[in-house]
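Participant:
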Amino acid sequence: MQFSKMHGLGNDFMVVDAVTQNVFFSPELIRRLADRHQGVGFDQLLVVEPPYDPDLDFHYRIFNADGSEVSQCGNGARCFARFVRLKGLTNKREIRVSTAKWPYGINRHGMMNWSG
Numbered sequence: 001m002q003f004s005k006m007h008g009l010g011n012d013f014m015v016v017d018a019v020t021q022n023v024f025f026s027p028e029l030i031r032r033l034a035d036r037h038q039g040v041g042f043d044q045l046l047v048v049e050p051p052y053d054p055d056l057d058f059h060y061r062i063f064n065a066d067g068s069e070v071s072q073c074g075n076g077a078r079c080f081a082r083f084v085r086l087k088g089l090t091n092k093r094e095i096r097v098s099t100a101k102w103p104y105g106i107n108r109h110g111m112m113n114w115s116g
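If you're matching positions, the sequence shown starts at 1 in the UniProt record's numbering and goes up one per residue.
#1: Classify residue 93 as buried or exposed, calling it buried when 16 or more other Cβ atoms lie within 10 Å of its own Cβ.
#2: Between residue 39 and the rest of its own chain, which residues show a CB-CB distance below 7 Å, the 5 nearest in sequence each way excluded?
#3: Using a 10 Å radius around the Cβ and a threshold of 16 neighbouring Cβ atoms, would you call residue 100 buried or exposed?
#4: Sorted by chain position, which residues of the same chain lie with C-beta nearer than 6 Å to residue 112's C-beta, five sequence neighbours on each side aside?
#5: Taking the alpha-carbon of residue 55 as reference, which of 95, 66 and 6 has the nearest alpha-carbon?
#6: Buried or exposed: which applies to residue 7, given that a residue is buried once 16 or more other Cβ atoms fall within 10 Å of its Cβ?
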């Protein structure tokens with residue numbers, strides 16, 4: 001599995017491209033990867049998935065180090081936006097994503113309100 005380790009305003013993230021590679025994260029695997037002594041070590045895991053809606057660019061999954069999924073992270077959003085541009089997944093300056101709860105826009109400065 002290929003991933004990037006990114007930092008944003010005091011938080012660190014493991015970011016995974018699930019658009020070009022098949023990955024599955026169980027809560028147990030996330031906890032092991034998050035371990036700072038035996039794993040990668042991170043505050044949150046950010047997963048870039050293909051969009052579930054044709055009007056969106058990506059589906060954005062966010063997992064805490066304990067394996068629980070959350071619906072937003074401002075510091076993570078900036079890293080997510082930078083990651084998809086650096087990896088060539090998009091060249092857009094602003095992207096539209098869905099999360100566990102709702103869609104919104106992201107740019108390099110973070111989350112923005114967006115209603116379909």
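Just so it is clear, CB atoms sit at the ideal spot from N, CA and C, and this is done for glycine as well.
Facilitator: So, from the listed chains and residues:
#1: exposed
#2: Excluding positions up to five away in sequence, the list reads 32 and 33.
#3: exposed
#4: Low confidence applies to residue 112: its pLDDT is 49, below 50, so where it sits in the model is not reliable, and the reading given next is rough at best. So the qualifying residues of the chain are 105.
#5: Nearest to residue 55 by C-alpha distance, out of 95, 66 and 6, is 95.
#6: Around the CB of residue 7, fewer than 16 other CB atoms lie within 10 Å, so the residue is classed as exposed.
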